[in-house]
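Structure first, commentary second.
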C-alpha cells in the first residue's frame, strides 16, 4: 500500500514511525513533514491545509490511503475532497469535523445523546457572557467556540479571571475568529484523561487512554499549552471506566452523528473528566492527540495500517487491537517563551545521542533541517519519548534522553507522570 500522511508535527512523526513498520506498506509520504519524519517517510513540500494540492498529489501517485494528522485540514474538507477523488481517507468529513471545529456543536451532540457533560451556555455578546459569569460564580470555564489550536480554554478560578478571558477571546480576539462566540461551562472537578476510539461511521473500536499535561510549568502551573507531556496507560482510567465511556459517551454520540446524516469516521478523541460521579465529557477532538499519540504508537502491538484503512472504508466490525504491557511516556521540549512569544532557528544538538538510549525515541514536532543542522521552527519542538516495563522506568529513560539533548534555548517540564507516580 502507498500511504500519504498529512501534517508535520509530533503526532505525524509518531504515525509515520508506526506505519513504516507495517508489512503492508510499499511507500510512505508525509506532507509537509519535518526534520525527523525524513528518517521514516519521504517528505513532500505541500502544506497541510492545501487541499487541492494534496488531492492532486495523492491522485498522481495512486495513493491507497490518506491519513489526516491535524484537525485543520479536516475542518477544511480534506476527507470529502479525497473521497470525491476515489481515495480512502482516514478522518471525518468537514461536517463531522465540526465536533472539534465548534464547541457548540459538540455540546448539542452530547445533549442529544444524553452523554454526561458539563452544563453550558453559548454567547455571541461579551457583556451577556460576563453577566452570565457573574450570575454563576467561579470556578467556571470559558472556551473560544472555534478552533484555537488547543489554547482557547481558560479554567477561571475567580469571576474576574473569567471576565478577563471573555475580553481577551471576544474583544481582543487573541484566537482570531475562533473567539467570535464563547461557550461557558460549569467547572468539573477530578482527573482529566484522553481516550481514543477508531470509528467507521457505525462501529467504534476502543483504543487506549493517556493522561496529558496541559499547563506549561511543573505542578500544573502557568498557562494552558497544546500539551507538555503525556503517559499511557493511565492508572486512573480503569477497564470499568472504559466500558462506561464507550456505553454512555462514545457509542451514543456516534449514533447521533449517524442519525443526523454526518457519520463520524476516523479517530474520536474524548477529553474526559473523571469525576466522583463517573466520567464526563469535556470535549471531542477529531484526530489523535499530540502528545498522546506518541505514547499510543509506542504501546500498540497491532499493525496500524489495516486498522486505519478499515476505519476509512467502514469495515471495523470484528477488528481488535493488541497492546504491549509496557508503559510509555513523552516529555515535550519547547522553545523558551512558549506558549507566549518565542524565537525560531536555534540549533538542536545531541539528537543521535538521545535516540541511542535503549527504550528512547525522539519524535520531532517543530523542526527543520538546514545545511546539516536541525533547527527549532515552532513552540513545541520535540517529543522525547520512551517505553519500559513500568512508568517509573519509562520516566527515567525519557529524562535521560532529554538530558542528552544539547539545546540551550529549549525547556521541558520535569514532572511528567506525577499523577500516576
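In the UniProt record's numbering, the protein residues as written are 1 to 421. Where a beta carbon is used, it is the ideal one built from N, C-alpha and C, also for glycine.
- For residue 199, the enclosing beta strand (DSSP E) has its first and last residue at 191 to 200.
- Assigned with DSSP and collapsed to three states, residue 17 falls in helix.
- Residue 161 sits in a helix when the DSSP states are folded into three classes.
- Between the alpha carbons of residue 21 and residue 413 lies a gap of roughly 30 angstroms.
- Per DSSP, reduced to three states, the secondary structure at residue 172 is coil, with no helix or strand assignment.
- Just measuring C-alpha positions, the residue of 203, 11, 105 sitting nearest residue 68 is 11.
- The alpha helix (DSSP H) runs of length 4 or more contained entirely in the region 195 to 247 are, from start to end of the chain, 239 to 245.
- With three or more CB-CB distances shorter than 8 angstroms, the region 227 to 237 counts as touching the region 283 to 298.
- When rounded, the separation of the alpha-carbon atoms in residue 14 and residue 70 is 13 angstroms.
- With respect to the 8 angstroms criterion, residue 208 and residue 196 are classified as neighbours on the basis of their beta carbons.
- Contact between residue 369 and residue 397 does not hold, since their C-beta atoms are separated by about 26 angstroms, which reaches or exceeds 8 angstroms.
- Following the DSSP letters along the chain, one finds residue 140 inside the beta strand (DSSP E) bounded by residues 140 to 144.
- Where residue 101 is concerned, the enclosing alpha helix (DSSP H) starts and stops at 98 to 101.
- In the three-state scheme derived from DSSP, where H, G and I count as helix and E and B as strand, residue 107 is classed as helix.
- Leaving aside the five residues that flank residue 38 on each side, the residues in its chain whose CB is nearer than 8 angstroms to its CB run, in chain order, 369.
- Per DSSP, the beta-bridge partners of residue 279 are 274.
- For residue 235, same chain residues with a beta-carbon under 7 angstroms away, outside a window of 5 residues either side, are 420 in chain order.
- Partner residues in the beta bridge of residue 380, as assigned by DSSP, are 334.
- Proximity to residue 256 across 42, 307, 201 peaks at 201, based on C-alpha coordinates.
- Annotation: the continuous beta strand (DSSP E) that includes residue 184 extends over 182 to 186.
- Of the residues assessed, residue 163 falls on the buried side of the cut-off, its CB having 16 or more other CB atoms within 10 angstroms.
- Residue 38 is bridged by DSSP to nothing; it lacks a bridge partner.
- With fewer than 16 other CB atoms across the displayed protein chains lying within 10 angstroms of its CB, residue 371 is exposed.
- Assignment of residue 405 by DSSP, reduced to helix, strand and coil, places it in the coil class.
- Ranked by Cα distance from residue 189, the options 282, 55, 400, 182 are led by 282.
- The beta carbon of residue 127 sits closer than 6 angstroms to no other beta carbon from its chain once the five residues preceding and following it are set aside.
- Its Cα nearest to that of residue 402, the residue 381 stands out among 125, 390, 381, 418.
- Shown here for residue 383: same chain residues with a beta carbon closer than 7 angstroms to its own, the five before and five after excluded, namely 10, 291, 294, 330, 332, 363, 365 in chain order.
- Within the region 300 to 362, the complete alpha helix (DSSP H) segments at least 4 residues long are 304 to 313, 351 to 355, listed from N- to C-terminus.
- By the CB criterion at 8 angstroms, residue 142 and residue 156 fall inside the cutoff.
- Apart from the 5 residues on each side of it in sequence, residue 343 has no Cβ closer than 6 angstroms to any other Cβ in its chain.
- Fewer than three Cβ pairs drawn from the region 259 to 268 and the region 349 to 357 lie within less than 8 angstroms of each other, which leaves the two stretches out of contact.
- With a beta-carbon spacing of about 5 angstroms, residue 144 and residue 169 fall inside the 8 angstroms limit used to define contacts.
- Between residue 192 and residue 211, the C-beta gap is smaller than 8 angstroms, which places the two residues in contact.
- The distance from the Cβ of residue 265 to that of residue 317 is about 13 angstroms, inconsistent with a contact at the 8 angstroms cut-off.
- Using a Cβ distance threshold of 8 angstroms, residue 270 and residue 288 do not count as a contacting pair.
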